[in-house]
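Undergrad:
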Amino acid sequence: MILGEMSLDGSINGICGVLPMICKAEEKGIKCCILPWENQKEAALISGMKIIGVRSLQEVIRFINREADETIGFPEKRSFVSKKGTALEMDFCDVKGQYMAKRAILIAAAGRHNLLLSGPPGSGKTLLASRIPTILPEMSREEIIEVSKIYSVAGLLNEEGCMHSRPFRAPHHTISQSALLGGGSIPLPGEITLAHQGVLFLDELTKFRGNVLECLRQPLEERQITIIRSTGICRFPSDVMLVAALNPCKCGYYPDRNVCRCTENDIMHHLGKLSRPFLDRFDMAVHVEKPQYEELAGDIRPDVGRMLQRIRESAEEHYIPDMGSRDMKKMVEEVVAIQKKRYQKFPICYNSQLDAKQMKQFCRLDEKGNQLMKKAYECYDLSARGYSKILRVARTIADLEHSEEIQCSHLSEAICFRNLEFLSNGF
Ligand SMILES: [Zn+2]
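With the first letter of the sequence shown counted as 1, position 218 gets the number 198 in our numbering; the numbers rise by one all the way through.
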């Protein structure tokens, strides 16, 4: 196979989408490929193919005439060992306090649950979200190739020619529908596809255009997006962990009525753009408080320490305060391994992907659990969707504690992460 774009002077320029073309060619039994020098690194990810990188048409002729010398590239085959053990640029231990939020993020990352962070400006929502990739499990060989293919098509592959770490995409709220979902006359992947196998983070959720958010519903549910053009149908994967952040009202301080003077109407208007079906895509929601001064300063006096402990008793019960990304990632990877083993005969990998039938099998409750869920169902006026989301999150919490059975403590924690006061109508 010969790939490349030739200039009028005979030089060969790099092109987009080499990796998926090489994968397909290998499937078809092609053994050798001549391609642009710039693209040889990504092509070398595929082990079964001989790759010849060239810079000009003359080099192609020389190769075909068997006059090749060292100026023509034969890249070394690539390994998939990612750089383990290197110091992380960002780490959860940089975020002081925020035990509830960190706990929610740990659970969400372990079961790939979609997470909504709400809280006043400056409470650290973006700080928290941007650290999520540091605790996501390492990508498998298949996942690395899958994600690298997408970046190859989009022309966004890094110099290494390979995506080793899970993507984190944070598009601005002014983004258009086609930039978010993918589009163009020859369709290119949008942000939701660029975030495949990683995190799509929507900061300032209420500022996004309502119709743009609505369009996310289907690809989030189906984990792929279909773009229809007169030239054909194009499908891009979109299996992402959706994380969003918002201010609960215009001033941002609701439900803290010492500060917030917004009326019920203001709040309804502020959140009005977010439809209930869209909010239903979130499995968990957590309110992020501004950290206490003592937490920021890092020297909690004994009496304050006791007070803080009482406030966050339930969160701290599970959470060792200054746990960093390395420890959190280890816990996430353990839970991912549990899920992988449990779902090996099913087309799913994470608890968040359980369908109704699978839930009957894997989320069975005992008598006590059933009673608790009945109470929650009646008290919080849960929808059927809300009910199953609590069960899925509880499944992940049970897995974090290596418990085969879902117990009442797991259920009640899952209910807590669904019971945000300001969203009670939405949920
Ligand atoms: Zn307010």
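Every residue gets a Cβ at the ideal spot worked out from N, C-alpha and C, and that includes glycine. These figures come from a predicted structure and were not determined experimentally.
1. Quick check on the burial criterion: 16 or more other C-beta atoms within 10 angstroms. Buried or exposed for His152?
2. Can we count Tyr360 as close to ligand 1, meaning its CB is less than 6 angstroms from some heavy atom?
3. Pull up the distance between the alpha-carbon of Phe262 and that of Ala5, whole angstroms please.
4. Could you give the DSSP three-state label for Leu87: helix, strand or coil?
5. Tell me which residues pass a beta-carbon proximity test against ligand 1: closer than 6 angstroms to any heavy atom, given in chain order.
6. Leaving out five residues before and five after Gly141 in sequence, what residues of the same chain have Cβ atoms less than 6 angstroms from its Cβ?
7. Give me the Cα-Cα distance between Asn(-7) and Leu(-17), rounded to the nearest whole angstrom.
8. Report the three-state DSSP secondary structure of Ser62 (helix, strand or coil).
9. My output table needs one value for Arg46: the three-state DSSP class, helix, strand or coil.
10. Which of the three DSSP states is assigned to Ser132 in this structure?
11. Output the distance between the C-alpha atoms of Phe402 and Cys231, rounded to the nearest integer angstrom.
12. Consult DSSP for Asp(-14) and reduce its assignment to one of helix, strand or coil.
13. Gln177: which of Asp260, Met70, Leu168, Leu116 sits nearest, CA to CA?
14. Does DSSP put Cys214 in a helix, a strand or coil?
15. Find out if the Cβ-Cβ distance for the pair Asp379, Ile318 is shorter than 7 angstroms.
16. Less than 7 angstroms between the C-beta atoms of Leu160 and Glu171, yes or no?
17. Relative to the alpha-carbon of Cys229, which residue among Ala90, Glu18, Pro101, Cys13 has its alpha-carbon at the smallest distance?
18. By DSSP's criteria, Ala374 is part of a beta bridge. Which residues make up the other side?
19. Assign Lys325 to buried or exposed, taking buried as 16 or more other Cβ atoms, counted over all protein chains shown, within 10 Å of its Cβ.
20. Looking at C-alpha atoms only, which residue of His390, Cys359, Gln351 is the closest neighbour of Ile370?
21. List the endpoints of the continuous alpha helix (DSSP H) containing Ile247.
22. Over the uninterrupted beta strand (DSSP E) stretch that includes Ile225, give me the two end residues.
23. Are at least three pairs of beta-carbons, each pair with one atom in the segment 116 to 133 and one in the segment 9 to 29, less than 8 angstroms apart?
24. Taking C-beta to C-beta, are Met221 and Val373 nearer than 7 angstroms?
25. Just the Cα atoms here: how many angstroms apart are Leu259 and Phe188?
26. For Thr114, name the three-state secondary structure that DSSP assigns.
27. Considering only heavy atoms of ligand 2, does any lie closer than 6 angstroms to the CB of Lys325?
28. Less than 7 angstroms between C-beta atoms, sequence neighbours within five positions excluded: which residues of the same chain meet that for Arg92?
29. Closer than 7 angstroms by C-beta to Gly65: which residues in its own chain qualify, once you throw out the five before and the five after it? Chain order, please.
30. Find out if the Cβ-Cβ distance for the pair Ala81, Leu108 is shorter than 7 angstroms.
31. Using a Cβ-Cβ distance under 7 angstroms, would Asp346 count as near chain C?
32. Under the rule that 16 or more other beta-carbon atoms within 10 Å means buried, what is Arg146, buried or exposed?
33. With burial defined as no fewer than 16 other Cβ atoms inside 10 Å of the residue's Cβ, what is the status of Gln78: buried or exposed?
34. Could you check what DSSP says for Gly104 in three-state terms: helix, strand or coil?
35. Nearest to Glu269 by alpha carbon, out of Glu347, Gly104, Glu123?
36. For Cys388 and Glu69, I'd like the C-alpha separation in whole angstroms.
TA: So, to answer that:
1. Position 172 of the sequence shown, counting from 1, holds the residue named residue 152. So His152 ends up on the exposed side.
2. Translated into the one-based positions of the sequence shown, residue 360 becomes position 380. Relative to ligand 1, Tyr360 has its C-beta separated by 6 angstroms or more from all heavy atoms.
3. Start at 1 with the first residue of the sequence shown, and residue 262 comes out as number 282. Start at 1 with the first residue of the sequence shown, and residue 5 comes out as number 25. Distance between the alpha carbons of Phe262 and Ala5 is about 40 angstroms.
4. Indexing the sequence shown from 1 puts residue 87 at position 107. Checking the displayed sequence, the identity of residue 87 turns out to be Ile instead of Leu. The answer is helix: DSSP assigns Ile87 an H, G or I state.
5. Cys229, Lys230, Cys231, Tyr233, Tyr234, Cys240, Cys242
6. Numbered from 1 along the sequence shown, position 161 holds the residue referred to as residue 141. Closer than 6 angstroms at the Cβ level, and outside the excluded window around Gly141, lie Lys21, Glu22.
7. Residue numbering aside, residue -7 sits at position 13 when the sequence shown is read from its first letter. Residue numbering aside, residue -17 sits at position 3 when the sequence shown is read from its first letter. Each residue's alpha carbon lies about 10 angstroms from the other.
8. For the purposes of this step, residue 62 is identified with residue 82 of the sequence shown, where counting begins at 1. With a pLDDT of only 46 at Ser62, under 50, the local geometry of the prediction cannot be trusted, and the value read off the model is given with reservation. The answer is coil: DSSP assigns Ser62 none of H, G, I, E or B.
9. Locating residue 46 in the sequence shown gives position 66, where the first residue counts as 1. Three-state DSSP puts Arg46 in coil, outside helix and strand.
10. In the sequence shown, residue 132 corresponds to position 152, counting from 1. Secondary structure at Ser132: helix, using DSSP grouped into helix, strand and coil.
11. Looking up residue 402 in the sequence shown gives position 422. Looking up residue 231 in the sequence shown gives position 251. Only weak support exists for where Phe402 lies, its pLDDT of 45 falling under 50; the coordinates are left without a value.
12. The residue you call residue -14 lines up with position 6 of the sequence shown. According to the sequence shown, residue -14 is Met rather than Asp. DSSP places Met(-14) in strand when its eight states are reduced to three.
13. Within the sequence shown, residue 177 is the residue found at index 197, counting from 1. Taking only the C-alpha atoms, the option nearest Gln177 is Leu116.
14. Your numbering for residue 214 matches position 234 in the sequence shown. Cys214 carries a strand assignment under DSSP once its states are collapsed to helix, strand and coil.
15. As a working note, residue 379 is residue 399 in the sequence shown. As a working note, residue 318 is residue 338 in the sequence shown. In contact: Asp379 and Ile318 (Cβ atoms closer than 7 angstroms).
16. Counted from its first residue, the sequence shown places residue 160 at position 180. Counted from its first residue, the sequence shown places residue 171 at position 191. Closer than 7 angstroms, so yes.
17. Residue 229 sits at position 249 when you count from the first residue of the sequence shown. The residue with the shortest Cα to Cα distance from Cys229 is Pro101.
18. Start at 1 with the first residue of the sequence shown, and residue 374 comes out as number 394. Beta-bridge pairing links Ala374 to no other residue.
19. Translated into positions along the sequence shown, residue 325 becomes position 345. Answer is exposed; the Cβ neighbour count stays below 16.
20. The residue you call residue 370 lines up with position 390 of the sequence shown. That would be His390, whose Cα lies nearest to the Cα of Ile370.
21. As a first step, residue 247 must be located in the sequence shown, where it is residue number 267. That run of the alpha helix (DSSP H) goes 244 to 251.
22. Along the sequence shown, read from residue 1 onward, the residue named residue 225 stands at position 245. Note that residue 225 is Ala in the sequence shown here, rather than Ile. Unbroken beta strand (DSSP E) run through Ala225: 221 to 226.
23. yes
24. As a first step, residue 221 must be located in the sequence shown, where it is residue number 241. As a first step, residue 373 must be located in the sequence shown, where it is residue number 393. Contact flag unset, no.
25. Within the sequence shown, residue 259 is the residue found at index 279, counting from 1. Within the sequence shown, residue 188 is the residue found at index 208, counting from 1. Per the coordinates, the alpha-carbon of Leu259 lies some 14 angstroms from the alpha-carbon of Phe188.
26. Translated into positions along the sequence shown, residue 114 becomes position 134. DSSP places Thr114 in helix when its eight states are reduced to three.
27. No copy of ligand 2 appears in this structure; the ligands present are ligand 1.
28. Position 112 of the sequence shown holds residue 92. Cβ within range, chain order: Met221, Tyr330, Ser332.
29. Counting from one through the sequence shown, the residue named residue 65 turns up at place 85. Confidence at Gly65 is low in this model, with a pLDDT of 42, below 50, so its placement is unreliable and no value can be given for it.
30. Walking along the sequence shown from the start, residue 81 turns up at place 101. Walking along the sequence shown from the start, residue 108 turns up at place 128. Their beta carbons are under 7 angstroms apart, which means Ala81 touches Leu108 by this criterion.
31. Among the chains of the structure shown, chain C does not appear; only one protein chain is present.
32. Taking the sequence shown and counting its residues from 1, one reaches residue 146 at position 166. Residue environment analysis places Arg146 among the buried positions, since at least 16 neighbouring C-beta atoms fall within 10 angstroms of its C-beta.
33. For this step, residue 78 is matched to residue 98 along the sequence shown. In this structure Gln78 is buried. Its beta-carbon is surrounded by 16 or more other beta-carbon atoms within 10 angstroms.
34. On the sequence shown, residue 104 is found 124 positions in, with the first residue counted as 1. Coil.
35. The residue labelled residue 269 in the question sits at position 289 within the sequence shown. Closest option to Glu269, Cα to Cα, is Gly104.
36. For the purposes of this step, residue 388 is taken as residue 408 along the sequence shown, with counting starting at 1. For the purposes of this step, residue 69 is taken as residue 89 along the sequence shown, with counting starting at 1. The alpha-carbon atoms of Cys388 and Glu69 are separated by roughly 38 angstroms.
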